[in-house]
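Under my numbering, the first residue of the sequence shown carries the number 12, and numbering increases by one thereafter.
Just so it is clear, CB atoms sit at the ideal spot from N, CA and C, and this is done for glycine as well.
Here is the structure we will look at.
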Amino acid sequence: MKTLIVSSSLSPESRSFILCKEVYNRLSVKGIEVKMIDARDMDLRPCHTKISESMTELDNEVDHADNIIIGMGVHCYSINDGLKIILDNCFGKATGKFFGIICAAGGERSYLSTQHLTQICMNEWRMIQLPRIIYATGKDFEENKVNNKDLLERLDVFSEEFNTIGKKLIS
Ligand SMILES: Cc1cc2nc3c(=O)[nH]c(=O)nc-3n(C[C@H](O)[C@H](O)[C@H](O)COP(=O)(O)O)c2cc1C
């Protein structure tokens with residue numbers, strides 16, 4: 012199984028990146044072929060401008076992945092700007108793929124913001140979502156590390172379920 016993790020936040024202190032890395036480590040230990048792309052290393056350009064080399068590379072990675080985990084930060088009760096560019100320009104070959112969502116937010120009341128990502132992935136590419144989301148806020152972190160035991164357990168369960176269901180969906 013080839014899993015692609017796309018960490019889409021452009022923040023230098025990205026918390027969703029930390030969560031993506033936690034899941035990356037858990038999937039790697041299970042022997043899964045997992046690749047992580049950090050949007051901060053990419054040259055992201057908006058729609059209707061010339062697509063960059065790193066965006067073409069991500070387009071290819073999406074094509075070759077069996078399933079995809081998307082890391083997002085909440086911006087104005089929706090997805091972050093970097094993710095919108097990635098979806099609009101690099102997800103054309105994601106059709107029908109299984110996916111999971113990892114989300115960092117400022118507060119506890121923005122959890123429905125991930126629904127925008129669900130809508131885009133399901134309506135645009137008929138993707139199938141793991142019915143479990145990792146959602147964390149600033150309170151769950153200390154010195155750039157997860158400091159909440161419950162969240163660490165949820166990261167374990169998310170990784171386990173993504174692995175189990177992901178494998179079953181590969182024909
Ligand atoms: C432009 C902007 C808008 C934001 N809007 C929200 C919001 O609507 N709800 C919320 O809970 N947090 C909001 N936040 C806080 C971020 O979700 C929070 O900083 C989170 O850690 C971002 O993920 P990241 O650290 O991976 O970039 C916003 C932050 C920015 C920069």
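Residue j beta carbon less than 7 Å from that of residue i
i	j	result
P57	I96	yes
N91	S20	yes
A115	G93	no
F109	I139	yes
S18	D49	yes
I145	L30	yes
T148	G118	yes
L98	I62	no
M133	N100	no
L166	E33	yes
Y35	M53	no
R37	S170	yes
D151	L162	yes
Close beta carbons around residue i, own chain, < 7 Å, minus the five adjacent residues each side
i	result
K13	E44, H75, A76 and D77
I79	L15, V17, V73, A105, K108 and F110
I181	M12 and D77
Close Cβ partners of residue i (< 8 Å) along its chain, the five nearest in sequence each way excluded
i	result
R137	T106 and G107
S39	V45
L69	V17, I48, M53, I97 and C101
Sheet register partners of residue i (DSSP bridge)
i	result
R86	Per the sequence shown, the amino acid found at residue 86 is His instead of Arg. In DSSP, H86 forms a bridge with S89.
M53	Bridge partners of M53: none, in fact.
E95	The sequence shown places Lys at residue 95, not Glu. Per DSSP, none; premise fails for K95.
F110	I79 and Q140
L15	K46 and I79
A147	A115
K178	Answer by DSSP bridge pairing: none, since K178 is not bridged.
V157	F152
Own chain, CB closer than 6 Å to residue i, minus 5 neighbours either side, in chain order
i	result
R51	L21
F259	Any question about residue 259 goes unanswered here, given that the chain covers just 12 to 182.
S120	At residue 120 the sequence reads Arg, which differs from the Ser that was named. If we look at R120 and ignore the five residues flanking it on each side, it has no Cβ neighbours.
Heavy atom of ligand 2 within 6 Å of residue i beta-carbon
i	result
S39	You won't find ligand 2 in this model; what it holds is ligand 1.
**Prompt:** Is the stretch 119-130 in contact with the stretch 153-162, if contact means three or more CB pairs nearer than 8 Å?
**Reply:** Under the Cβ criterion (8 Å, minimum of three pairs), the stretch 119-130 does not count as touching the stretch 153-162.
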